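So the structure is just underneath, and the comments pick up after that.
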Amino acid sequence: MTETGIPGPRGQWLVGQLPAYERDRMSWLRTNQADYGDIIRLAPHAVVVLDPDAAQQIFTQTNDTYMLDNAIVVSRRARAAQEARLPVLMRRRRLASRAMVNHLTPERIDRQVAELSDQLRAHAGRSTDLFTTTTAICGTATAWFCFGGGTRDSRVTEIADASLAAFYGILKILEIGEVRVRWLPRPAAKKAIQANEALRALIKEEIAGRRAATPPPHSRDLLDELLRISDNDTDVAAAVRLVVFTAPGVPGAASSWLTLRLAEHPELAAEIADEAAGPLSIGQAVGARALPLADGFLREVLRLHPPQWMLSRTALRPTRLGPYALDTGQQVMVCTYLIHRDPRWWDDPEAFSPQRWHQTPKRGRYLPFGAGPRGCPGSPLAKIQLMALTSLLARDYRLQVRHGAPEFGGLLKPAGALTLMEPAEDRSLG
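Each residue of the sequence shown is one higher than the last, beginning at 139 in my numbering.
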C-alpha cells in the first residue's frame, strides 16, 4: 500500500524538529536514520533524504519538479519568478561551461597551476586559519583564470576580494540560520545582496572596457572567451560571475580537508610527491590524467568530507518521492555526507582508503559535486585546481595542521583548524 505520511519524530508546532536538529545536526541525522529510515520528516515543510536512489531522482528532476534552493529567495512569489527565469539561468550556465571547456587548454591549465603555486607561496611560512586560507587561494586563483589575461593586476585583486565578500555573505546566512521569512528583518541577507551587487558592478565595468577595446587575436582569459562566443553582455556578466562567485566555496572547503589529510598521512603525501616529480609538469600531468595517486587521494577526501554535505531543493509542484507525497514548497535536503559513509554502499566506510578508488562506485553513491542539471557549475575547473593542489602541497610543502572539529554549516569545514605550510627546500616549487 502506498504511504503518504513521511515518518519522523514528533516535533513542535510549525518548526517540527528544527530546534533539536540545530543543536546537533549530525547526531540528529544518525539517530533518526536508525529509527525512521532514509527519508525523514524534519519539519512540516522539510524532509531529509539519505537514500542515494531518491537523491538521484531529486537531482535529475531539478528544474522540472524541484528548484535549487536559494539563501535569499523566501516567498512563493519569488520562487515562481525564479522558476520563470530558469531558461535564462540555464542558458547562462551552459555558456559558462562551454567557455570553460574551451579555455582549459594544456597551456592554460599550466598557467592556473602556476597561479595556485604563487598563492601557496604567498600564504606559506606562517600559521593561518585553514579554511580562510584555502578559500582565499582558490578564489584568487579563479579570479586570475577569469580576468588575469586582460585586466590590470590591482583590478583582478579587487574582483577576487569582491568575490570572497559575496561568498562569505551567503555563507553567513546559512551558518547563522537566518530565518527566511519575508516580513522579518534579514540583516545578513541585506549585506549579502550588497556584496553581490558590488561584484556585479566590477564585472559590468570590466566587460564594458573590453568591448570598447580592440578584441585580442586569442582569448587571454575566461572573460575574453565568453565575449568571443556571446554577444549578450548580460549573459556574459552572469556567466563569469557564476564561476568567480562559486570558486571560494566548494574548492576552498575541499582544499582545507585535503591539506588536513595530507598532514595526517605523510606516507601517502610522500608517494604523491614522488608521482608529481615525474617528467611532466603538474599541469601537463593533470591534463593527461597521469596522477593516479593524487586522483585517488582527492576522491577519498571528497567522499569523507563532501563540502556540500547537505544539498537542498524545493518542490515546485505536488510530487512523490518513493512512497511518500510531497507538497508544493516542501524542502528536500539530501545528506551526501551520510550517503558517502553508509556501510550499505561502501566497505569500511569510515576508513580513509584512497586504494578503494581502483574500482568505480555504483552510480549515485558518490555525489561530491551534486548531480543533474544543477550540479556544481565550476566542477571542471575545481577538479583541476584540487588535483593540482594535492600534488603541489605534497611535493613542495611540509604541512602542520591543528585539527578542527567538523562544522556542519553552509559547507562542511574543519572549524578552528590552523595550518602552517613550510616550503620543502629540497623540492622545486612549481
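A virtual CB, placed ideally from N, CA and C, is assigned to each residue, including glycine.
Quick caveat: nothing in here was measured; it's all calculated off a predicted structure.
Here the alpha carbon of Ile-522 sits roughly 38 Å from the alpha carbon of Arg-214.
Our two residues, Trp-484 and Val-187, have alpha carbons roughly 18 Å apart in a direct line. Shown here, Gln-468 sits in coil according to DSSP, grouped into three states, outside any helix or strand. Under the criterion of beta carbons closer than 8 Å, Arg-348 and Gly-288 qualify as touching, at roughly 6 Å. In this structure the stretch 237 to 244 does not lie against the stretch 222 to 229, because fewer than three pairs of beta carbons, one per stretch, are closer than 8 Å.
Under the three-state reduction of DSSP, Glu-245 is assigned to helix. DSSP places Ser-419 outside both helix and strand once states are collapsed to three, so it counts as coil. Between the alpha carbons of Asp-534 and Leu-440 lies a gap of roughly 22 Å. Scanning Phe-283, Cys-284 and Gln-257 for the CA closest to the CA of Thr-271 turns up Gln-257.
Nearest in C-alpha terms to Ala-218, of all of Cys-473, Arg-479, Gly-175 and Thr-452, is Thr-452.
In the displayed model, Tyr-535 falls within a strand according to three-state DSSP. Excluding sequence positions up to five before and after Ile-410, its CB lies within less than 7 Å of the CB of Leu-431, Ala-432, Phe-435, Thr-528, Ser-529 and Ala-532, all in the same chain and listed in chain order. The secondary-structure analysis by DSSP pairs Gln-150 across a beta bridge with Gly-154. Each of Phe-490, Met-448 and Leu-364 was checked against the Cα of Leu-549, and the nearest Cα belongs to Met-448. DSSP places Arg-441 within a helical segment (H, G or I) once states are collapsed to three. The count of Cβ pairs closer than 8 Å, one atom from the stretch 326 to 333 and one from the stretch 302 to 315, reaches three, so the stretches are in contact. The Cβ atoms of Arg-168 and Ile-144 lie no closer than 9 Å to each other. Going by DSSP, Ser-450 is part of the beta strand (DSSP E) stretching over 448 to 453. Contact check for His-356 and Met-559: beta-carbon distance about 35 Å, past the 8 Å limit, so the pair fails to qualify. Shown here for Gly-502: same chain residues with a beta carbon closer than 8 Å to its own, the five before and five after excluded, namely Pro-190, Asp-191, Ala-193, Gln-194 and Ala-509 in chain order.
The secondary-structure analysis by DSSP pairs Arg-179 across a beta bridge with Val-185. Taking the CA atoms as reference points, Val-381 sits about 31 Å from Gln-538. Per DSSP, reduced to three states, the secondary structure at Arg-223 is coil, with no helix or strand assignment.
For Ser-165, the closest C-alpha among the options Met-525, Asp-267 and Leu-476 is that of Leu-476.
Within the DSSP bridge table, the entry for Phe-546 names Leu-550 as partners. Here Leu-556 is bridged, per DSSP, to Asp-267 and Arg-540. In the structure shown, Pro-561 falls within a strand segment according to DSSP collapsed to helix, strand and coil. In this structure the stretch 263 to 277 lies against the stretch 390 to 397, because at least three pairs of beta carbons, one per stretch, are closer than 8 Å. Comparing C-alpha distances from Gln-497 to each of Pro-445, Val-470 and Glu-438 shows the shortest one belongs to Glu-438. Here the alpha carbon of Arg-494 sits roughly 22 Å from the alpha carbon of Pro-389.
Here Pro-515 is near Ser-235, since their CB atoms are less than 9 Å apart. According to the DSSP assignment, Tyr-475 belongs to the alpha helix (DSSP H) that extends over 474 to 477. Note that the C-beta distance between Ala-333 and Ala-300 is below 9 Å. The bridge partners DSSP lists for Tyr-204 are Thr-200 and Ala-453. Between Phe-269 and Ala-526, the beta carbon gap of about 19 Å keeps them out of contact (Cβ cut-off 8 Å). In the structure shown, Gly-287 adopts coil according to DSSP, grouped into three states.
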